[in-house]
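Quick notes on the structure that follows.
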Amino acid sequence: MATGFIYGCDRQIDVVIYDRIDYAPIFREGDLVVVPPEAVRAVIEVKTNLTLEQLRKSLEQIEQLSNYDNVNPPFFKGIFAFETNVDSHRLLQEVVNFYTEDPDDFLQDDDETDTRGWHQIQTPYHHLTCLCVLGTAYGQVAYELNESNRTLRPVLRSRSSATGLPTQAAHFLETLLSYLRFGGLKPFDPYVTRQMLGADTQSTRVGALTDNWWGGFFAKEEGLPDGEERERLDRATIIATENWVNGSAWESPEESVTGALEMAEQTEV
727 MATGFIYGCD
737 RQIDVVIYDR
747 IDYAPIFREG
757 DLVVVPPEAV
767 RAVIEVKTNL
777 TLEQLRKSLE
787 QIEQLSNYDN
797 VNPPFFKGIF
807 AFETNVDSHR
817 LLQEVVNFYT
827 EDPDDFLQDD
837 DETDTRGWHQ
847 IQTPYHHLTC
857 LCVLGTAYGQ
867 VAYELNESNR
877 TLRPVLRSRS
887 SATGLPTQAA
897 HFLETLLSYL
907 RFGGLKPFDP
917 YVTRQMLGAD
927 TQSTRVGALT
937 DNWWGGFFAK
947 EEGLPDGEER
957 ERLDRATIIA
967 TENWVNGSAW
977 ESPEESVTGA
987 LEMAEQTEV
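Going by this note's numbering, the first residue of the sequence shown is number 727, and it counts up by one from there.
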């Protein structure tokens, strides 16, 4: 764990957790490192007092860092704050707004520096993993299935204590540790915190971060040349990752898609 940069990205990261067993830092001076993208396991933006402006800047930072995530498996992308003057509902709704704003709503402002509306999610896990403000708010992105059309999409969910306990940090660490079960790192039981907190935890759906047709699902629906392939890979990536963070062994989605295609071809023959 250190502070520093992902090689090729000019954004400094407050906290970067990387694999020192299989990868050596490209540069290291004290606690400052430059690491290859494939070594990264987690990036965390840390704020003393989180404002809405800082939240959006942190989300933009995570958006840029996501370009260096090959999602095989994805790395953890978190925002951690010690306090805020904004209520929890407003903070979490701002995350939803960040990813769902329509750029057409802001064109009349004629401000080239205004990036609102240009943050739609196109790739699974190229977005925030979770947001934690001690004693105030915890939000985590999960994927839900639309029963009517079988698409999967990211949604923001909050977790809170029914009895008012300050459980935000516990949920944050639980999620972080579930993303560190890879390579030479020791296994972790992702259900420990849930078992400890038990029925005290309330989970609430804040809002969807995309519409039903996004990424590969949109490409397939629109009949784009690579639409079916993208949809299969996106679906396999989401299923593999959700299983992995919930305790299963990591299975490469690309390999599973390739294997399924080869099996289908053999069946046709």
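Think of the CB as a built atom: it goes at the ideal place given N, C-alpha and C, for glycine as much as any other residue.
Model, not experiment: these values are computed from the prediction.
*Identify every run of the beta strand (DSSP E) within the segment 747 to 835, keeping only runs that are complete inside it and at least 3 residues long; order them along the chain.*
Counting only runs of at least 3 residues, the segment 747 to 835 fully encloses the following beta strand (DSSP E) elements, listed from N- to C-terminal order: 753 to 755, 758 to 761, 766 to 776 and 802 to 810.
*Backbone CA spacing between Arg931 and Ile847 [nearest angstrom]*: Straight-line spacing of the CA atoms in Arg931 and Ile847 works out to 18 angstroms.
_Checking 8 angstroms against the spacing of the C-beta atoms, do Arg737 and Gln787 come in under that value?_
Between Arg737 and Gln787, the gap from beta carbon to beta carbon is short of 8 angstroms.
_Contact set for Pro751: own chain, Cβ-Cβ below 7 angstroms, skip 5 residues either direction_ = These residues qualify, in order along the chain: Val759, Val760 and Val761.
_Residues bridged to Phe731 [DSSP beta-bridge criterion]_ = DSSP, once it has assigned bridges, lists Val760 as partnering Phe731.
*Please name the residue, chosen from Ala945, Gly730 and Thr936, that lies closest to His845 on a Cα-to-Cα basis.*
Looking from the CA of His845, the closest CA among Ala945, Gly730 and Thr936 belongs to Thr936.
*Alpha carbon to alpha carbon, how far is Val742 from Phe731? Give it in angstroms, no decimals.*
Between Phe731 and Val742, the C-alpha separation is close to 8 angstroms.
*With distances taken from CA atoms, which of Asp740, Ser884, Pro880 and Tyr864 is nearest Leu871?*
For Leu871, the nearest C-alpha among the options comes from Pro880.
*asked:* Given this structure, state the Cα-to-Cα distance separating Glu771 from Thr849, to the nearest angstrom.
replied: Each residue's alpha carbon lies about 21 angstroms from the other.
*So what does DSSP say about Gly910, is it helix, strand or coil?*
Note on Gly910: pLDDT 48, under 50, position unreliable in the model; the coordinate value appears next. Residue state, collapsed to three classes: coil.
*Assign Phe943 to one of two classes, buried (16 or more other C-beta atoms within 10 Å of its C-beta) or exposed (fewer than that).*
Label assigned to Phe943: buried.
*Starting from Leu959 and walking both ways along the beta strand (DSSP E), at which residues does that stretch end?*
Run containing Leu959: none in the beta strand (DSSP E); it sits in the alpha helix (DSSP H), Gly953 to Val971.
*Looking at the structure shown, is Ser874 part of a helix, part of a strand, or coil, going by DSSP?*
In this structure, Ser874 counts as coil in the three-state DSSP scheme.
*Taking the alpha carbon of Gly941 as the point to measure from, which residue in Ala863, Ser929, Asp960 and Gly933 has its own alpha carbon closest?*
Nearest option by C-alpha distance: Asp960.
*Close beta carbons around Ala945, own chain, < 7 angstroms, minus the five adjacent residues each side*: Asp952, Gly953, Arg956 and Glu957.
*Whole-angstrom Cβ separation of Asp745 and Ala765, contact assumed at under 8 angstroms?*
Yes, Asp745 and Ala765 are in contact; Cβ-Cβ is about 5 angstroms, under 8 angstroms.
*To the nearest angstrom, report how far apart Leu903 and Trp970 are at their CA atoms.*
Cα-Cα distance, rounded: 12 angstroms.
*Using a Cβ-Cβ cut-off of 8 angstroms (strictly less than) and excluding sequence neighbours within five positions of Val816, which residues of its own chain qualify?*
In the sequence under discussion, the amino acid at residue 816 is Arg, which differs from the Val named in the question. For Arg816, where only same-chain residues beyond five positions count, the Cβ hits under 8 angstroms are Leu778.
*Who pairs with Leu882 in a beta bridge, going by DSSP?*
Beta-bridge pairing links Leu882 to Val867 and Gly933.
*Can you tell me whether DSSP reads Thr927 as helix, strand or coil?*
DSSP places Thr927 in strand when its eight states are reduced to three.
*Are the Cβ atoms of Pro892 and Gly861 separated by less than 8 angstroms?*
Taking the C-beta atoms as reference points, Gly861 is found nearer than 8 angstroms to Pro892.
_Cβ separation of Phe802 and Thr889, assumed to be a contact under 8 angstroms, to the nearest whole Å_ = The pair is not a contact, with the Cβ atoms about 28 angstroms apart (cut-off 8 angstroms).
*Looking at the unbroken alpha helix (DSSP H) that takes in Glu857, where does it start and where does it end?*
Position check: residue 857 holds Leu in this sequence, whereas Glu was assumed. Segment Cys856 to Val859 is the beta strand (DSSP E) holding Leu857; no alpha helix (DSSP H) there.
*Host beta strand (DSSP E) of Tyr744 (start-end)*: Its beta strand (DSSP E) spans residues Ile739 to Tyr744.
*My guess is that Tyr825 and Thr967 are in contact by the Cβ rule of under 8 angstroms, so how many angstroms apart are they, rounded?*
18 angstroms between Cβ atoms; not a contact.
*Taking the alpha-carbon positions, what's the Glu947 to Cys735 distance?*
Cα atoms of Glu947 and Cys735: separation of roughly 34 angstroms, rounded to the nearest angstrom.
*Can you give the Cα-Cα distance for Trp898 and Gly756, rounded to whole angstroms?*
Looking at the sequence shown, residue 898 is not Trp but Phe. A straight-line Cα-Cα distance of about 27 angstroms links Phe898 and Gly756.
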